[in-house]
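Under the UniProt record's numbering, the first residue of the sequence shown carries the number 1, and numbering increases by one thereafter. Every residue gets a Cβ at the ideal spot worked out from N, C-alpha and C, and that includes glycine. Take a look at the structure below.
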Amino acid sequence: MSGARDYFDVILTCACGHRAVLQLPEHPQSSFSRKTFRCSACGRIAGDGAIEVRPIWVRAFKGDPRD
């Protein structure tokens with residue numbers, strides 16, 4: 001398991017129902033909150049509270065995790 005690394009799936013959910021997932025190598029608290037996201041489906045902007053940002057911790061494996 002020497003190839004394992006941690007990352008966060010960040011789920012962006014817009015009020016219109018559109019969802020997107022970003023993968024980041026670290027917790028997205030400070031730098032992520034300063035970024036502006038626009039929904040690609042309806043054009044709403046995350047800063048107006050229309051888009052919910054939810055980080056989820058995930059462990060990823062490079063190659064076969066049984067190694």
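For CYS16, which three-state DSSP category applies? What you label residue 16 is simply residue 16 of the sequence shown in a count that begins at 1. Assigned with DSSP and collapsed to three states, CYS16 falls in coil, not helix or strand.
For ASP9, which option in THR36, ALA15, LEU22 and CYS16 has the closest C-alpha, if you only look at C-alpha atoms? Taking the first residue of the sequence shown as position 1, residue 9 is located at position 9. Measuring from the Cα of ASP9, the nearest candidate turns out to be LEU22.
Find the nearest neighbour of LEU24 within the set CYS42, LEU12, GLY43 and CYS16, judged by alpha-carbon distance. Residue mapping note: residue 24 aligns to position 24 of the sequence shown, counting from 1. Comparing Cα-Cα distances from LEU24 to each of CYS42, LEU12, GLY43 and CYS16, the minimum goes to LEU12.
May I ask you to report which of helix, strand or coil DSSP gives ARG38? By 1-based counting over the sequence shown, the position of residue 38 is 38. The answer is strand: DSSP assigns ARG38 an E or B state.
Could you compute how far the alpha carbon of HIS18 sits from the alpha carbon of CYS42? Here residue 18 refers to the residue found at position 18 of the sequence shown. Here residue 42 refers to the residue found at position 42 of the sequence shown. Going from the Cα of HIS18 to the Cα of CYS42 covers about 8 Å.
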